[in-house]
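S.K.:
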Amino acid sequence: MEGDIKKIKPLKLLIAIVDMNKGEKLSMFLNDHDYKFHFVSIAEGTAPSEIRSYWGFEDTQKSVVWALIPGDSSKHVLSIIKNEFMLNRPNTGVVFIVPIESFADPVVADHISKCGDRPENKNEENGEEKMDKREYSLLMAIVKKAYSDEVMAAAREVGAKGGTILKARGTGEHEITKFLGITIEPEKDIILILTKREKRSNIMKTIYEKAGLHTEGNGLILALPVDEALGSFNLNHEMVEEIKNLQK
Amino acid sequence: MLRNLQKKFLDASISTLPISLTVILASLFFKEINGPLYLIFILGTILLIIGLAIFSLGIDMGLSPIGKNVGSHIVTSKKFFLLILVPLLLGLIIALAEPGIAVISGQLTTDPSVARMITISLASGVGIFLLVSVLRIFFKISLRLVFFFVYGLMLLLAALTQFINPDFVAVALDAGGVTTGAITVPFLMAFTVGIATVAKADKNSDGDENFGTIALCTTGPMIIILLFALSGRIKIFNEPPAQESYSGFLEILKVFGRGFLLYLKDVAISIFPIVLTFVIFQIFALKLKKTQVIRIAIGLLYSYLGLSLFLTGVNVGFLPIGKLLGGLIALSEIRWVLVPFGALVGALMVLAEPSVHALTRQVNELTSGTLPRKLMLILLCLGVSLAMGISLLRSITAISLWWFILPIYALCFILAFFSPKLFTAIAFDSGGVVSGPMTVTFALPFVIGACNAIGGNVFTDAFGTVAMVALAPVLIVMLTGTVYKYYVRKAELGSELEQLPEVKDTVDLVEADATLVVDFDEAELEIDENDMPDKKHQT
Chain F
1 MEGDIKKIKP LKLLIAIVDM NKGEKLSMFL NDHDYKFHFV SIAEGTAPSE IRSYWGFEDT
61 QKSVVWALIP GDSSKHVLSI IKNEFMLNRP NTGVVFIVPI ESFADPVVAD HISKCGDRPE
121 NKNEENGEEK MDKREYSLLM AIVKKAYSDE VMAAAREVGA KGGTILKARG TGEHEITKFL
181 GITIEPEKDI ILILTKREKR SNIMKTIYEK AGLHTEGNGL ILALPVDEAL GSFNLNHEMV
241 EEIKNLQK
Chain A
1001 MLRNLQKKFL DASISTLPIS LTVILASLFF KEINGPLYLI FILGTILLII GLAIFSLGID
1061 MGLSPIGKNV GSHIVTSKKF FLLILVPLLL GLIIALAEPG IAVISGQLTT DPSVARMITI
1121 SLASGVGIFL LVSVLRIFFK ISLRLVFFFV YGLMLLLAAL TQFINPDFVA VALDAGGVTT
1181 GAITVPFLMA FTVGIATVAK ADKNSDGDEN FGTIALCTTG PMIIILLFAL SGRIKIFNEP
1241 PAQESYSGFL EILKVFGRGF LLYLKDVAIS IFPIVLTFVI FQIFALKLKK TQVIRIAIGL
1301 LYSYLGLSLF LTGVNVGFLP IGKLLGGLIA LSEIRWVLVP FGALVGALMV LAEPSVHALT
1361 RQVNELTSGT LPRKLMLILL CLGVSLAMGI SLLRSITAIS LWWFILPIYA LCFILAFFSP
1421 KLFTAIAFDS GGVVSGPMTV TFALPFVIGA CNAIGGNVFT DAFGTVAMVA LAPVLIVMLT
1481 GTVYKYYVRK AELGSELEQL PEVKDTVDLV EADATLVVDF DEAELEIDEN DMPDKKHQT
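Sequence lines, in order, name chains F and A.
So the first sequence is numbered by this note's numbering: it starts at 1 and just counts up by one.
So the second sequence is numbered by this note's numbering: it starts at 1001 and just counts up by one.
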């Protein structure tokens, strides 16, 4: 055991992007279900089109909840969140799960892998279960502040429905400078776009053309694997209409 | 669809209706308040809701982005003269364009040349203190230290004035709240954040570098007026109260129309410096993309229309009934009701204050929700409620303002040692934020009305209301900060004992089981025209 890299039960990172006022509710909900390791940050949602974003009627503040969960209960967590927060309705938010490759503390890792309530049906959810091919990808574009518009415009062109913008600061060595002895860190936008995997390459390419390193946006674009995802992002237009009709 | 707009209107209604309903319910007890007044008040409430909703959208889209962009630009440009000149000039022109300043200097002298001098001095005061705040943030000087110095100076001058020219103390302390209007406050708050975001915070900061500007900028005018009072060159002239009475519906609409035109002009003047700043910075420095410029322009338009509607609603609709109601309750048999009623009005009124929403939003964003909107609103309500209670007590009993100002300042100074730095900074800012148009055009007339009816001295007993409204929330927020720190410490101690006793200082990396990494084709990561592996999934 000592010296070797230890194998643990897999952990996963659950990322939920919900309306601002739901963020706290979601973290309480996770607490209630005994998932104790989660963090909340604030982000901005984007409007569904550029023209509509001019009027500012649809931009919304979002809460992003990052939760560490045991790998074998990911389906369970998704389903309870889906039921509680009705994420199958349009415009309610998205939840997805990203695998964690390594964790720097076996004690904590062990602790996390045991937390949370379990699904009743054990057979269906064991860690060794062979997963289907991943259906979704999480695109992440890191650009100079204020270039998120370019990124979103490019992404929309090729079929992305929406994105979430996180505020950040560049702390890379080539980026920070000094002025009167004070360190200056340029502002950055991180845009998260959850998409079907087959659209991924296309969107990445388009974003790169419009806001990549060779442009003023100076963007880095990368994709993370997403094990599972649910929410309103994958509803196409007809489905939204259908749901609306049903609600009437 | 339009969710943000819906939300803004919902927020605005929730903010405005409680105070409106309270006022209407209270008015029902008095025959003197008749049909047309109710009609005016209800129309005013509608304008208030529409104005508040649109203005708050305008803050988010126009005023805040400009403030943040300009603020971060003067740091990232790395030009020393920009860092000095921009805050000085910005403070100066913003203050000059604030209609409140002209009103104050008009009240203090009849000589137009002296009035002009007072106006310019007041505006320079704002400019200098904006510079102080910017330099404080940039060089990471402790806000506590700056506050001690600035507020100490202000209190000292006020004490001197008390002996030489006592009428001025309350007027001067009120001036701070008047000079930072509804346009200035959100803009300066965003400007501060813009600077603080790019100038890297030091390790022992807890976010306090994002606040403090509003507090300092309100102190500038106070100090300037006190200096004028000490020089003996000014005296107070009572404005003749404009008594208007209207009956027909058409006449009422006309009054609103006239008011709206007046505030369209006023707001145009006060938003002009910000538009100018943006245009200059956009052409020479910022060079934002077209989409953003369009959004900011629309945001400025919202701010302009929204605030004009809001001010029309509050001035035409709220001011007359406020003044009348204060006087009527004071003359009734149950005069003491003024104090609890004032406290209630104070608590509800602050919700309708436009800058309050900018503050709570900013606080929520910067603390990532540690200090949620609701808590912040409750604290401000409590603070203003306390302030209004005290103000009405003073208007009835003529207790000196000093009995309240001194202990509260003293307590704030002591608490500054215990409250977390972030809370202290937010606390002092919130004072300048809550003393906005609602306070000046509704709360102050209410207290003046009560004071007049009783026959008190308006200058010493009714003025000072704005100062109290700007001071009490400071105390409440700092008290909360102190309590918060106590609980956080307790919780930290508790969790250390309970959890994870065997965390080691050397780390074993742990790997997820390799079998779980699903077929992850590395070729797919490359962005290559020729290679489109994703097509495989589709077919």
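Each residue gets a CB set at the ideal place from its N, CA and C atoms; glycine is no exception.
(1) Do Leu1188(A) and Gly1217(A) come within 8 Å of each other at the CB atom, strictly closer than that value?
(2) Within this structure, are the beta carbons of Ser63(F) and Ile81(F) separated by less than 8 Å?
(3) Considering only their Cβ atoms, is the gap separating Ala160(F) from Ile193(F) smaller than 8 Å?
(4) Examine the Cβ distances between the stretch 12-30 of chain F and the stretch 60-77 of chain F and report whether three or more of them are shorter than 8 Å.
(5) Alpha carbon to alpha carbon, how far is Ala1170(A) from Tyr1263(A)? Give it in angstroms, no decimals.
(6) Could you round the C-beta distance between Ile1137(A) and Tyr54(F) to whole angstroms and report it? I think they count as a contact, below 8 Å.
(7) Within 10 angstroms of its Cβ, does Arg1116(A) collect 16 or more other Cβ (buried), or is it exposed?
(8) Against chain A, with Cβ distances strictly below 8 Å, would Ile191(F) count as a contact?
(9) Give the secondary structure of Ser137(F) by DSSP, where H, G and I count as helix, E and B as strand, and everything else as coil.
(10) Enumerate in chain order the residues of its own chain whose CB-to-CB distance from Met152(F) is below 6 Å, with the five nearest sequence positions on each side excluded.
(11) Who are the near neighbours of His1073(A) in its chain, counting only those whose CB is closer than 7 Å to its CB and skipping five residues on each side?
(12) For Ile1042(A), tell me which candidate among Phe1249(A), Ile1120(A), Leu1305(A) has the shortest Cα-Cα distance.
(13) Ser74(F) CB to nearest chain A CB: under 8 Å?
(14) For a contact defined as C-beta to C-beta under 9 Å, what are the partners of Ala1199(A) on chain F?
(15) Mapping DSSP to helix, strand and coil, what is Asn123(F)?
(16) Starting from Glu259(F), trace the alpha helix (DSSP H) both ways and give me its first and last residue.
(17) Whole angstroms is fine: what's the gap from Leu1305(A)'s alpha carbon to Ile1269(A)'s?
(18) Within 8 Å of any Cβ in chain A, is that where the Cβ of Glu24(F) sits?
(19) Interface residues of chain F around Arg1295(A) at Cβ under 8 Å?
(20) Mind checking Tyr208(F): buried by the 16 CB within 10 Å criterion, or exposed?
(21) Determine whether the Cβ of Arg156(F) lies closer than 8 Å to any Cβ atom of chain A.
(22) Provide the residue span of the alpha helix (DSSP H) that contains Asp19(F), from first to last.
(23) Would you say Glu281(F) and Thr1460(A) are within 8 Å of each other, going by their C-beta atoms?
(24) Can a CB atom of chain A be found closer than 8 Å to the CB of Asp42(F)?
(25) Going by beta-carbon coordinates alone, are Lys1374(A) and Gly1194(A) separated by less than 8 Å?
(26) Since Gly1051(A) contacts Gly1313(A) with CB under 8 Å, what's their CB separation in whole angstroms?
(27) From which residue to which residue does the alpha helix (DSSP H) around Arg169(F) run?
(28) Quick one: is Gly1259(A) near chain F, going by C-beta distance under 8 Å?
(29) Please report how far the alpha carbon of Thr1045(A) lies from the alpha carbon of Leu1025(A), in whole angstroms.
(30) Between the stretch 1308-1323 of chain A and the stretch 1442-1449 of chain A, do at least 3 Cβ pairs fall closer than 8 Å?
(31) Using 8 Å as the cut-off, can you tell me whether the stretch 1468-1476 of chain A makes contact with the stretch 1377-1387 of chain A, which would need three or more C-beta pairs spanning the two stretches below that distance?
(32) Let me check understanding here. Comparing Cα to Cα, which of Leu1088(A), Ala1462(A), Ile1093(A), Thr1277(A) lies closest to Ile1128(A)?
(33) In chain F, which residues lie with their C-beta within 7 Å of the C-beta of Thr1076(A)?
(34) Buried or exposed: where does Leu1010(A) fall if 16 or more other Cβ atoms within 10 Å of its Cβ makes it buried?
(35) Taking only the alpha-carbon atoms, compute the straight-line gap between Pro1099(A) and Thr1076(A) and give it to the nearest angstrom.
(36) Give every residue of the same chain whose Cβ lies closer than 6 Å to the Cβ of Ile1183(A), excluding the five residues on either side of it in the sequence, and list them in chain order.
M.R.: From the atom records:
(1) In the second sequence, residue 1217(A) corresponds to position 217, counting from 1. In the second sequence, residue 1188(A) corresponds to position 188, counting from 1. A small correction: the amino acid at residue 1217(A) is Cys; Gly does not occupy that position in the sequence shown. The Cβ atoms of Cys1217(A) and Leu1188(A) sit closer than 8 Å to each other.
(2) Taking the first residue of the first sequence as position 1, residue 63(F) is located at position 63. Taking the first residue of the first sequence as position 1, residue 81(F) is located at position 81. It is not a contact, given that the beta carbons lie outside the stated cut-off.
(3) Reading the first sequence from its first residue, position 193 is the one you call residue 193(F). Reading the first sequence from its first residue, position 160 is the one you call residue 160(F). Yes, these two residues count as a Cβ contact at 8 Å.
(4) yes
(5) Within the second sequence, numbered from 1, the residue matching residue 1263(A) stands at position 263. Within the second sequence, numbered from 1, the residue matching residue 1170(A) stands at position 170. Going by the C-alpha atoms only, they are around 27 Å apart.
(6) The residue given as residue 1137(A) occupies position 137 in the second sequence. The residue given as residue 54(F) occupies position 54 in the first sequence. A Cβ-Cβ distance of about 32 Å is found for the pair Ile1137(A) and Tyr54(F), leaving them out of contact under the 8 Å criterion.
(7) Looking up residue 1116(A) in the second sequence gives position 116. Arg1116(A) is exposed by the Cβ-count criterion.
(8) The residue labelled residue 191(F) in the question sits at position 191 within the first sequence. Chain A, which has no Cβ nearer than 8 Å to the Cβ of Ile191(F), makes this no.
(9) Your numbering for residue 137(F) matches position 137 in the first sequence. In this structure, Ser137(F) counts as strand in the three-state DSSP scheme.
(10) Here residue 152(F) is taken as the residue at index 152 of the first sequence, counted from 1. Here the set comprises Thr46, Gly163.
(11) For the purposes of this step, residue 1073(A) is taken as residue 73 along the second sequence, with counting starting at 1. Taken in chain order, the residues that qualify are Phe1281, Ala1285, Leu1286.
(12) Counting from one through the second sequence, the residue named residue 1042(A) turns up at place 42. It is Phe1249(A).
(13) Taking the first residue of the first sequence as 1, we reach residue 74(F) at position 74. It does not; no Cβ of chain A falls within 8 Å.
(14) One-based indexing of the second sequence puts residue 1199(A) at position 199. What Ala1199(A) touches in chain F: Phe179, Ile182, Thr183, Ile184, Glu185.
(15) By one-based count along the first sequence, residue 123(F) stands at place 123. Summary for Asn123(F): the model assigns pLDDT 47, below 50, so the residue's position carries little reliability; its value from the coordinates is reported in the next sentence. If DSSP states are grouped into helix, strand and coil, Asn123(F) belongs with coil.
(16) The first residue shown for chain F is 1 and the last is 248, placing residue 259(F) beyond what the model contains.
(17) To locate residue 1305(A), count along the second sequence from 1; it is residue 305. To locate residue 1269(A), count along the second sequence from 1; it is residue 269. Answer to the nearest angstrom: the Cα atoms are 13 Å apart.
(18) Counting from one through the first sequence, the residue named residue 24(F) turns up at place 24. Closer than 8 Å to some Cβ of chain A, the Cβ of Glu24(F) qualifies, so yes.
(19) By one-based count along the second sequence, residue 1295(A) stands at place 295. Ser53, Tyr54, Gly56, listed in chain order.
(20) As a first step, residue 208(F) is located in the first sequence; it is residue number 208 there, counting from the start. By the 10 Å Cβ count, Tyr208(F) comes out buried.
(21) On the first sequence, residue 156(F) is found 156 positions in, with the first residue counted as 1. No, Arg156(F) lies away from the interface with chain A (no Cβ there is under 8 Å from its Cβ).
(22) As a working mapping, residue 19(F) is identified with position 19 in the first sequence. Looking at the DSSP string, Asp19(F) is not in any alpha helix (DSSP H); the run it does join, the beta strand (DSSP E), is 11-19.
(23) As shown, chain F starts at 1 and ends at 248. That puts residue 281(F) outside it, with no answer to give.
(24) Numbered from 1 along the first sequence, position 42 holds the residue referred to as residue 42(F). Sequence check: residue 42(F) is Ile here, not Asp. Taking Cβ atoms only, chain A reaches closer than 8 Å to Ile42(F), which makes this a yes.
(25) Position 374 of the second sequence, counted from the start, is the residue given in the question as residue 1374(A). Position 194 of the second sequence, counted from the start, is the residue given in the question as residue 1194(A). No.
(26) Here the question's residue 1051(A) lines up with position 51 in the second sequence. Here the question's residue 1313(A) lines up with position 313 in the second sequence. Their Cβ separation, rounded to whole angstroms, is 6 Å, which keeps Gly1051(A) and Gly1313(A) in contact under 8 Å.
(27) In the first sequence, the residue the question calls residue 169(F) occupies position 169. No alpha helix (DSSP H) contains Arg169(F), which is instead part of the beta strand (DSSP E) from 164-169.
(28) For the purposes of this step, residue 1259(A) is taken as residue 259 along the second sequence, with counting starting at 1. With its beta carbon at least 8 Å from every one in chain F, Gly1259(A) lies outside the interface.
(29) For the purposes of this step, residue 1045(A) is taken as residue 45 along the second sequence, with counting starting at 1. For the purposes of this step, residue 1025(A) is taken as residue 25 along the second sequence, with counting starting at 1. Distance between the alpha carbons of Thr1045(A) and Leu1025(A): 14 Å.
(30) yes
(31) yes
(32) Against the second sequence, residue 1128(A) aligns to sequence position 128. Here the closest residue by C-alpha is Leu1088(A).
(33) Residue mapping note: residue 1076(A) aligns to position 76 of the second sequence, counting from 1. Within 7 Å Cβ-Cβ: Ile184, Pro186.
(34) Counting from one through the second sequence, the residue named residue 1010(A) turns up at place 10. Exposed, since its Cβ has fewer than 16 Cβ neighbours within 10 Å.
(35) As a first step, residue 1099(A) must be located in the second sequence, where it is residue number 99. As a first step, residue 1076(A) must be located in the second sequence, where it is residue number 76. Those two C-alpha atoms are separated by around 33 Å.
(36) For this step, residue 1183(A) is matched to residue 183 along the second sequence. Once the five neighbours on either side are set aside, the close Cβ partners of Ile1183(A) are Ser1270, Ile1271.
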